[in-house]
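Novice: A single structure is presented below for examination.
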């Protein structure tokens, strides 16, 4: 209901939403690996421009998309801070006591910041444009070759689906319990760190108890409907790899090539 | 304590694709020492409404007024002490190792002396007929016992207004009856009770006034007789019997409670 930012599916119709999840996962994997092959700011800017275009294509409001980046802002700031302060490469730009800022440090800081931000943006585009169930189906398919070596691809995907499915449920439950304890005079965010941690006990205990009860219920419900693992199981939504999915892969490779070559 | 909601509107998930207007233009008052029943279908805004009464939810627009003072200006902790709220399925929030400690949570948070705390714990557990459970683990109790304990945990705040959101949902008839007599007992002790329920018979039995919610709005508010006789399709069984009696027997009045309807039926048979 409320705004859960990191990895929230944003349900609108767009060319990105309608792509095969497998294609999208491959594109993201390609780009994620590719981002570590780029060592120039110009290269990152090219990829950033491409990601910008993709955001527009995805019809996700820019404001909401930027929210995805907020949780990593701290990590980015910290990375830049350390790179700028502790790197001694290149010409000295600033000297103040024992603090020295070098051109190489600034450049490296910027590179790392761009790399992290782009990684999160690309991953965010995937989760924002792909329903969690489709995502898990895609992962199952991509992992299925590993079934030959007895890797439990179906079980892993089912676990992911269930985990994803229950994030909002647990979130809702946590909200309810928090409200119930607040009605009994619980205060969160008051006092020192120890008191704050202790204030969480009245929430975490019932939340855990509830999660176990729910897991039991779910297992029973699944068994009573005849679930017995992936063998011979069909799907309601069949994934189909279309031409546009191939185009998406080509586009991802082109973006990457442009970034590396610039 | 008199609690008033003025023109309260609430929107969930503002500015997201999941935006829902859960309440609109809701104005009503909880008078001192009354039982106000709130009825309505699922999704009619009952639960959202009661969470505004102690400002667990803040109105998107409109105000909540306590004894003539805007509740937003009061200290939240004091407001929540004065207006006790028992959520739907309150047993989901039990957490302490023993029943006693769980019920003691709220009075301890109020900073009461230990003797006063244990008095309140005993007192409220006994009001719910759960005094014998004090030393048990709340997780090892039956559903009905858990419910009793969870309600005692809010009752221990000794609030002037007690809100019960679907207190009888999923309970056996005996526990149900006990809870309804608790509601009447509290009212007789001068405490206002807001009873949210979709069980019309139960509301007819306990409420002094009834408020009907529909799609986030107050559709009707008044005495049970006024509200229920105006809309027989959504009236409790006792009222439907009363209305049917009226056809043959005009001076049946407007019985609402089970006892009243029974008396009217007797009078008609004796005639």
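Residue numbers (this note's numbering), protein chains in the order written: chain A, 688 to 949; chain B, 887 to 1157.
Note that CB positions come from ideal geometry on N, CA and C, so glycine has one too.
Since the structure is predicted, the reported quantities are computational estimates derived from the model, not experimental observations.
(1) Quick one: list the residues of chain A neighbouring residue 1040 of chain B, beta-carbon separation under 8 angstroms, in chain order.
(2) Using a C-beta to C-beta distance shorter than 7 angstroms, which residues of chain B count as neighbours of residue 864 of chain A?
(3) What in chain A is Cβ-close to residue 1023 of chain B, meaning under 7 angstroms?
(4) Would you kindly report the start and end of the unbroken beta strand (DSSP E) that includes residue 904 of chain A?
(5) What is the DSSP secondary structure of residue 898 of chain B, reduced to helix, strand or coil?
(6) What residue range does the alpha helix (DSSP H) around residue 977 of chain B cover?
(7) Helix, strand or coil: which one does DSSP assign to residue 959 of chain B?
(8) In whole angstroms, what separates the C-alpha of residue 1152 of chain B from that of residue 974 of chain B?
(9) Using 9 angstroms as the threshold, is the C-beta distance between residue 841 of chain A and residue 916 of chain A below it?
(10) Excluding the 5 residues preceding and the 5 following residue 1161 of chain B in the sequence, name in chain order all residues of the same chain whose CB lies nearer than 7 angstroms to its CB.
(11) Please decide whether residue 907 of chain A counts as near chain B, where near means a Cβ-Cβ distance under 9 angstroms.
(12) Using a Cβ cut-off of 9 angstroms (strictly closer), state whether residue 1015 of chain B contacts chain A.
(13) Enumerate in chain order the residues of its own chain whose CB-to-CB distance from residue 985 of chain B is below 6 angstroms, with the five nearest sequence positions on each side excluded.
(14) If you run the structure through DSSP and keep just helix, strand and coil, what is residue 1018 of chain B?
(15) Here's a check: name, in chain order, each residue in its chain whose Cβ is nearer than 6 angstroms to the Cβ of residue 927 of chain B, leaving out the five neighbours to either side.
(16) So, helix, strand or coil for residue 926 of chain A, using DSSP?
(17) Using a threshold of 9 angstroms, state whether the C-beta atoms of residue 701 of chain A and residue 816 of chain A are closer than that.
(18) Excluding sequence positions up to five away, which residues of its chain have a Cβ less than 8 angstroms from the Cβ of residue 781 of chain A?
(19) Can you tell which of B:1111, B:1129 and B:1027 has its C-alpha closest to the C-alpha of residue 1090 of chain B?
(20) Tell me residue 1108 of chain B's beta-bridge partners as DSSP assigns them.
(21) Select from A:811, A:809 and A:762 the residue whose C-alpha is nearest the C-alpha of residue 797 of chain A.
(22) Taking the alpha helix (DSSP H) that residue 1067 of chain B falls in, what are its first and last residues?
(23) Please list the residues of the region 887-905 of chain A that have a C-beta atom closer than 7 angstroms to any C-beta atom in chain B, keeping them in chain order.
(24) Does the region 923-940 of chain A come within contact of the region 888-898 of chain B, defined as at least 3 CB pairs closer than 8 angstroms?
(25) Going along chain B in order, which residues have a C-beta closer than 8 angstroms to the C-beta of residue 698 of chain A?
(26) Looking at C-beta atoms only, is the number of pairs between the region 1094-1111 of chain B and the region 920-934 of chain B that lie closer than 8 angstroms three or more?
(27) For residue 1108 of chain B, which residues from the same chain have a beta carbon less than 6 angstroms from its beta carbon, with the 5 sequence-adjacent residues on both sides left out?
(28) What residues in its chain sit with their C-beta under 7 angstroms from that of residue 910 of chain B, if we drop five residues either side in the sequence?
(29) Looking at residue 772 of chain A: is its Cβ nearer than 9 angstroms to the Cβ of residue 811 of chain A?
(30) So, residue 1051 of chain B versus residue 1082 of chain B, is the Cβ gap smaller than 9 angstroms?
(31) Tell me which same chain residues have a C-beta within less than 8 angstroms of the C-beta of residue 850 of chain A, skipping the five on either side of it?
(32) Based on the DSSP output, what are the partners of residue 789 of chain A in its beta bridges?
(33) Could you check the C-alpha separation between residue 743 of chain A and residue 737 of chain A for me, to the nearest Å?
(34) Residues of the region 922-937 of chain B in Cβ contact with chain A at a cutoff of 9 angstroms, in chain order, please.
(35) Measuring CB atoms only, is the region 824-844 of chain A touching the region 944-961 of chain B, in the sense that at least three cross pairs come out at less than 8 angstroms?
(36) For residue 1140 of chain B, does the three-state DSSP call read helix, strand or coil?
Specialist: According to the structure data:
(1) Within the second chain, the letter at position 154 stands for residue 1040 of chain B. The answer, in chain order, is 870 and 871.
(2) As a first step, residue 864 of chain A is located in the first chain; it is residue number 177 there, counting from the start. The contacting residues are 978 and 979.
(3) Here residue 1023 of chain B corresponds to residue number 137 of the second chain, with the count starting at 1. Simply none; closest approach about 11 angstroms.
(4) Residue numbering aside, residue 904 of chain A sits at position 217 when the first chain is read from its first letter. Not the beta strand (DSSP E): residue 904 of chain A falls in the alpha helix (DSSP H), residues 880-911.
(5) On the second chain, residue 898 of chain B is found 12 positions in, with the first residue counted as 1. Strand, per DSSP.
(6) Within the second chain, numbered from 1, the residue matching residue 977 of chain B stands at position 91. First-last for residue 977 of chain B: undefined, no H or E at that position.
(7) Stepping through the second chain from its first residue, residue 959 of chain B is reached at position 73. The answer is helix: DSSP assigns residue 959 of chain B an H, G or I state.
(8) Reading the second chain from its first residue, position 266 is the one you call residue 1152 of chain B. Reading the second chain from its first residue, position 88 is the one you call residue 974 of chain B. For residue 1152 of chain B and residue 974 of chain B, the distance between alpha carbons rounds to 38 angstroms.
(9) Stepping through the first chain from its first residue, residue 841 of chain A is reached at position 154. Stepping through the first chain from its first residue, residue 916 of chain A is reached at position 229. For residue 841 of chain A and residue 916 of chain A, yes; Cβs fall inside 9 angstroms.
(10) Nothing can be reported for residue 1161 of chain B: it is not among the residues displayed for chain B, which extend from 887 to 1157.
(11) For the purposes of this step, residue 907 of chain A is taken as the residue at position 220 of the first chain. Not one chain B Cβ lies under 9 angstroms of residue 907 of chain A.
(12) Numbered from its first residue, the second chain carries residue 1015 of chain B at position 129. By this cut-off, residue 1015 of chain B is not an interface position.
(13) In the second chain, counting from the first residue as 1, residue 985 of chain B sits at position 99. The answer, listed in chain order, is 1019, 1020, 1022, 1024 and 1035.
(14) Mapped onto the second chain, residue 1018 of chain B falls at position 132. Here residue 1018 of chain B sits in helix by DSSP.
(15) Residue mapping note: residue 927 of chain B aligns to position 41 of the second chain, counting from 1. Closer than 6 angstroms at Cβ, skipping near neighbours: no residue.
(16) Along the first chain, one-based indexing puts residue 926 of chain A at 239. Here residue 926 of chain A sits in coil by DSSP.
(17) For this step, residue 701 of chain A is matched to residue 14 along the first chain. For this step, residue 816 of chain A is matched to residue 129 along the first chain. Contact flag set, yes.
(18) The residue you call residue 781 of chain A lines up with position 94 of the first chain. Once the five neighbours on either side are set aside, the close Cβ partners of residue 781 of chain A are 787 and 788.
(19) Working through the second chain from its first residue, we reach residue 1090 of chain B at position 204. Ranking B:1111, B:1129 and B:1027 by Cα distance to residue 1090 of chain B puts B:1111 first.
(20) Within the second chain, residue 1108 of chain B is the residue found at index 222, counting from 1. Paired residue(s): B:1096.
(21) Against the first chain, residue 797 of chain A aligns to sequence position 110. Considering only alpha carbons, the answer is A:762.
(22) Along the second chain, one-based indexing puts residue 1067 of chain B at 181. Counting along the chain, the alpha helix (DSSP H) containing residue 1067 of chain B begins and ends at 1059-1074.
(23) 888, 889, 892, 893, 896 and 897
(24) no
(25) Walking along the first chain from the start, residue 698 of chain A turns up at place 11. Within chain B, the residues near residue 698 of chain A are 903.
(26) yes
(27) Along the second chain, one-based indexing puts residue 1108 of chain B at 222. Around residue 1108 of chain B: no qualifying Cβ.
(28) Numbered from 1 along the second chain, position 24 holds the residue referred to as residue 910 of chain B. Cβ neighbours of residue 910 of chain B beyond the five flanking positions: 895, 1102 and 1103.
(29) Counted from its first residue, the first chain places residue 772 of chain A at position 85. Counted from its first residue, the first chain places residue 811 of chain A at position 124. Against a cut-off of 9 angstroms, the Cβ pair of residue 811 of chain A and residue 772 of chain A comes out as no contact.
(30) The count along the second chain starts at 1 and reaches residue 1051 of chain B at position 165. The count along the second chain starts at 1 and reaches residue 1082 of chain B at position 196. Result yes, Cβ atoms of residue 1051 of chain B and residue 1082 of chain B sit closer than 9 angstroms.
(31) Here the question's residue 850 of chain A lines up with position 163 in the first chain. Closer than 8 angstroms at the Cβ level, and outside the excluded window around residue 850 of chain A, lies no residue.
(32) For this step, residue 789 of chain A is matched to residue 102 along the first chain. In the DSSP output, where bridge partners are listed per residue, residue 789 of chain A has A:779.
(33) Sequence index remark: in the first chain, residue 743 of chain A carries index 56 (1-based). Sequence index remark: in the first chain, residue 737 of chain A carries index 50 (1-based). When rounded, the distance between both Cα atoms is 10 angstroms.
(34) 937
(35) no
(36) Position 254 of the second chain, counted from the start, is the residue given in the question as residue 1140 of chain B. In this structure, residue 1140 of chain B counts as coil in the three-state DSSP scheme.
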